[in-house]
Amino acid sequence: MTVKRKQGAESRVDTNHFEHALVLETARVTEGAALAASRWMGMGDKNAVDGAGTEAMRELLNSLDIRGTVVIGEGEMDEAPMLYIGEKVGQGQYEVDIAVDPVEGTSVTAKGLPNGLAVIALSERGGLMHAPDCYMDKLVVPPPAAGKVNLDWPVEANLNVLAQSLERDVDDLMITILDRERHADLIRRVRAAGARVKLIGDGDVVASLQVGVRGTGVHALMGSGGAPEGVLSAAAMKCLGAEIQGRFIAEDDAMSERFRAMGVDENRVYKTNDLAPGKQMVFSATGITYGELLSGVRRFGGGARTHTLVMGYATRVVRFIDTVHLEDDGARVTIRV
448 MTVKRKQGAE SRVDTNHFEH ALVLETARVT EGAALAASRW MGMGDKNAVD GAGTEAMREL
508 LNSLDIRGTV VIGEGEMDEA PMLYIGEKVG QGQYEVDIAV DPVEGTSVTA KGLPNGLAVI
568 ALSERGGLMH APDCYMDKLV VPPPAAGKVN LDWPVEANLN VLAQSLERDV DDLMITILDR
628 ERHADLIRRV RAAGARVKLI GDGDVVASLQ VGVRGTGVHA LMGSGGAPEG VLSAAAMKCL
688 GAEIQGRFIA EDDAMSERFR AMGVDENRVY KTNDLAPGKQ MVFSATGITY GELLSGVRRF
748 GGGARTHTLV MGYATRVVRF IDTVHLEDDG ARVTIRV
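Take the sequence shown: its letter number 70 is residue 517 in my numbering, and every next letter is one higher.
Structural data, given as structure tokens:
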């Protein structure tokens, strides 16, 4: 919580500023979801994975000092029993909008594959776009290329600008793309331009994080994926100084009509601050299964260890948190790196 001091006056608390109060508490939420989901890791039941992560995240959100509204969730109220769009959580003082993905990569977690993740973002009211549940064409680039690329440009032009921004050649670049038939031409063009392609089965939020954090060996994300994941990625990119650009895709007339009702322009390129306009933003992600950026949940007798990335935009803080959880009464562990 931020304490403001004025000369000659007593200090007072700014209750409109929640980042200091909630950054570590938000990490606790994704840690809890990851721990619960990890109980089903490798068991082959993606619904059990999602249910466990969602239930744990909901319970922990209700324990926070917030009055929150879910704007990106597990679906509409009649489609999702928990953490549905519009659900209210918490009974505290901080009014926030919430975007959640209790388990990004339910299938990969169920199969024990890499990059399962528990993810959440919080902002002040109106700070996260209420995106329709549709596909979005995306371009994610690291901080040096922010503001220099354009989703409307040809792939080759963006690759050249990206390479120049990173002071390297195009053939040094690694571009992440979801392994889908719809991306066949995009993959061909990226490779023809000289860049390499990293194909992923699921999880474009973690893929965006890998773009925003240096040292992962990934330099951009291209192609279409879920629009709700685009909003979560925007919250993270805002905290990291990276950039996402996206265009909503209407697959039929019914979706076009829904766009009009929601005030969404399917011809517009939405940028980071359009998708996540909040002046206060907290983003947290905890690994469930092992990944290049975040280690997964590692269990031992009586407890587990988690690895979390949590960030605050206004507070300008980025933390990697390695936590040991002693779950059983009397549990002890020898701490090692």
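Ideal Cβ placement from N, Cα and C applies to all residues, glycine included.
Please read all numbers here as calculations on a predicted model, not as lab measurements.
Between the alpha carbons of Ser-703 and Val-653 lies a gap of roughly 29 Å.
By the CB criterion at 8 Å, Val-518 and Val-729 fall outside the cutoff. In the displayed model, His-467 falls within a helix according to three-state DSSP.
Beta bridge pairing from DSSP links Gly-750 with Phe-747 and Leu-773.
With contacts defined by Cβ atoms closer than 8 Å, Arg-505 and Met-490 do not form a contacting pair. Selection Leu-482, Ile-768, Glu-466 and Arg-475 evaluated against Gly-749 yields Leu-482 as nearest (Cα-Cα).
The beta carbons of Ala-681 and Thr-719 sit about 5 Å from each other, so the pair counts as a contact at 8 Å. Here Ala-468 is not near Val-757, since their CB atoms are 8 Å or more apart. When C-beta atoms of the segment 584-593 are compared with those of the segment 683-703, three or more pairs fall below 8 Å, so the two segments count as touching.
The beta-carbon separation of Val-566 and Glu-551, rounded to 5 Å, stays under the 8 Å limit for a contact. Bounds of the beta strand (DSSP E) holding Gln-692 are 690-696. The segment 635-646 makes no contact with the segment 570-583: fewer than 3 CB pairs, one atom from each, lie closer than 8 Å. Counting only residues of its own chain and dropping the five nearest sequence neighbours on each side, His-666 has a CB closer than 6 Å to the CB of Leu-620 and Met-621. Counting only runs of 4 or more residues that sit fully inside the segment 546-604, the alpha helix (DSSP H) segments are 553-558, in chain order. For Leu-679 and Asp-544, the gap between their C-alpha atoms comes out near 12 Å.
Thr-623 is not a Cβ neighbour of Leu-656, given a cutoff of 8 Å. Between Leu-507 and Val-547, the C-beta spacing is not below 8 Å.
Residue pairing by DSSP puts Lys-645 in a beta bridge opposite Thr-623. Segment contact: the segment 630-641 against the segment 606-619, three or more CB-CB distances shorter than 8 Å; contact assigned. Out of Pro-561, Ile-532 and Gly-725, the CA that lies nearest to the CA of Tyr-737 is found in Pro-561.
For Glu-542, the secondary structure class from DSSP, reduced to helix, strand or coil, is strand. Sequence-distant Cβ neighbours of Thr-663 in its own chain, meaning closer than 7 Å and more than five residues away, are Gln-657, Glu-739 and Leu-740. The three-state secondary structure of Lys-718, taken from DSSP, is strand.
Excluding sequence positions up to five before and after Ala-503, its CB lies within less than 8 Å of the CB of Gly-479, Ala-480, Leu-482, Ala-483, Ala-484 and Pro-549, all in the same chain and listed in chain order. The residue among Asp-769, Pro-724 and Glu-603 with its C-alpha nearest the C-alpha of Ile-691 is Pro-724.
Straight across, the Cα-Cα distance linking Arg-486 with Gln-611 is about 45 Å.
With distances taken between CA atoms, Tyr-531 lies nearest to Gly-515 out of Gln-538, Gly-515 and Ala-631.
Listed in chain order, the non-local C-beta contacts of Val-716 below 8 Å within the same chain comprise Asn-597, Leu-598, Asp-599, Gln-692, Gly-693 and Arg-694, local neighbours out to five positions each way being set aside. Residue state for Lys-493 is assigned as helix, using DSSP reduced to three classes. According to DSSP, residue pairing for Lys-535 in a beta bridge involves Thr-516.
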